[in-house]
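In mature numbering (1 follows the signal peptide of the UniProt record, and there is no 0), the protein residues as written are -27 to -1, 1 to 306.
Quick look at the structure:
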């Protein structure tokens, strides 16, 4: 596990053997035809017109069929690296220097390696910071970064704009401040919108995203060496679920390297604290256990028993860490 204060590192109609919601269907019938439309979304109200391809799919779609469609119909080249970004969904601020180094490092990693960036797709929290980095890059360069947002259909604001059979669907990026829904981030190049029939709830995309990432990792980019696509988990801020995601990544075989951005807040800082004060055996030094437990309680407004569960997960992460390196001195404001 790598702990950083900032990270260095036309319309096609297809017939497939996978359950995909037709883009023009508003309801969710129990049985759907195996036919779907790829459409273009045209973002409105952002000062400049940006278009992205999108698809609305069933939450239980097969990852191999999805990847086939991405490569054959979106005409994307297989990545040489997959950067999976995770973090807080609620909006949060970053120290200016950390935001700058995070953005530049992410874009540099994507551009120089031909990586795909996976995010949650909506314009809130960590995804908003990724979107800012993508927007800054697009304003200075013609080279486009492949940023794919995987979001639950049920939480998308103005989703009515995306229902129809026109070639291009205008989409309003103005959000209702009283709404619990979120608009899509206009700096992304592609969207996969997972639908499980719920509204206003996250979760439809979680399993689909995890399976798609695992399937991409199995693709051979070097047939002679038998090398698959490397995946990196990048963490910025985040709630308790992010600690679960980090642990799941480290439990993979082989383990997925995790980059944690120290100084971004909440889950990232909790993991970073443990990383700083753990010995080579993955155990905390004297006095640091209680300090970490109190920090978890205060950060997430948890009871002592709830904090203890998170603490155990953090300590398992420490025992599974792959790389022990801190670059805090490079990025302090």
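Yeah, the Cβ is synthetic: ideal placement off N, Cα and C, and Gly gets one too.
- As DSSP reads the structure, residue 284 sits in no beta bridge.
- The three-state secondary structure of residue 25, taken from DSSP, is strand.
- With a cutoff of 9 Å on beta-carbon distance, residue 87 and residue 109 are scored as not near each other.
- Assigned with DSSP and collapsed to three states, residue 236 falls in coil, not helix or strand.
- DSSP, reduced to helix, strand and coil, places residue 141 within a strand of the structure shown.
- A direct Cα-to-Cα measurement between residue 72 and residue 210 gives close to 12 Å.
- Residue 12 carries a strand assignment under DSSP once its states are collapsed to helix, strand and coil.
- Put simply, the backbone Cα of residue 269 is about 11 Å away from that of residue 278.
- The beta carbon of residue 191 lies closer than 7 Å to those of 201 in the same chain, with the five residues before and after it left out.
- The three-state reading of DSSP puts residue 90 in strand, counting E and B together.
- Proximity of the stretch 120 to 130 to the stretch 167 to 184 meets the contact definition, three or more beta-carbon pairs being nearer than 8 Å.
- In this chain, the alpha helix (DSSP H) harbouring residue 185 covers 179 to 190.
- Residue 247 is not a Cβ neighbour of residue 31, given a cutoff of 9 Å.
- In this structure, the beta-carbon distance from residue 91 to residue 182 falls below 9 Å.
- Comparing alpha-carbon positions, the option among 229, 12, 122 lying closest to residue 178 turns out to be 122.
- Of all alpha-carbon atoms in 133, 47, 85, the one lying nearest the alpha-carbon of residue 56 is that of 85.
- Ranking 106, 44, 220, 187 by CA distance to the CA of residue 82 puts 106 first.
- DSSP, read as helix, strand or coil, puts residue 48 in coil.
- Contact between the stretch 254 to 263 and the stretch 234 to 241 is absent, with fewer than three C-beta pairs closer than 8 Å.
- A residue is called buried once 16 or more other Cβ atoms fall within 10 Å of its Cβ, and residue 36 is buried on that count.
- Here DSSP, grouped into helix, strand and coil, assigns residue 193 to strand.
- For residue 166, the enclosing beta strand (DSSP E) starts and ends at 163 to 168.
- Between residue 119 and residue 163, the alpha-carbon positions lie close to 8 Å from each other.
- With a beta-carbon spacing of about 7 Å, residue 156 and residue 95 fall inside the 8 Å limit used to define contacts.
- Distance from the CA of residue 165 to the CA of residue 60, rounded to the nearest whole angstrom, comes to 19 Å.
- Counted as a single uninterrupted DSSP element, the beta strand (DSSP E) harbouring residue 57 occupies residues 55 to 60.
- DSSP, read as helix, strand or coil, puts residue 121 in strand.
- Per the coordinates, the alpha-carbon of residue 287 lies some 25 Å from the alpha-carbon of residue 79.
- Nearest C-alpha to residue 149 among 256, 160, 285, 132: 132.
- Residue 45 has its alpha-carbon roughly 10 Å from the corresponding atom of residue 51.
- The stretch 245 to 284 is shown to contain whole alpha helix (DSSP H) runs of 4 or more residues at 261 to 273, in chain order.
- For residue 200, DSSP records a beta bridge to 195.
- Counted as a single uninterrupted DSSP element, the alpha helix (DSSP H) harbouring residue 98 occupies residues 98 to 113.
- At the C-beta level, residue 63 and residue 98 come within 9 Å of one another.
- In the DSSP assignment, residue 219 falls within the unbroken alpha helix (DSSP H) covering 213 to 224.
- Spanning the alpha carbons of residue 208 and residue 25 requires a straight line of approximately 25 Å.
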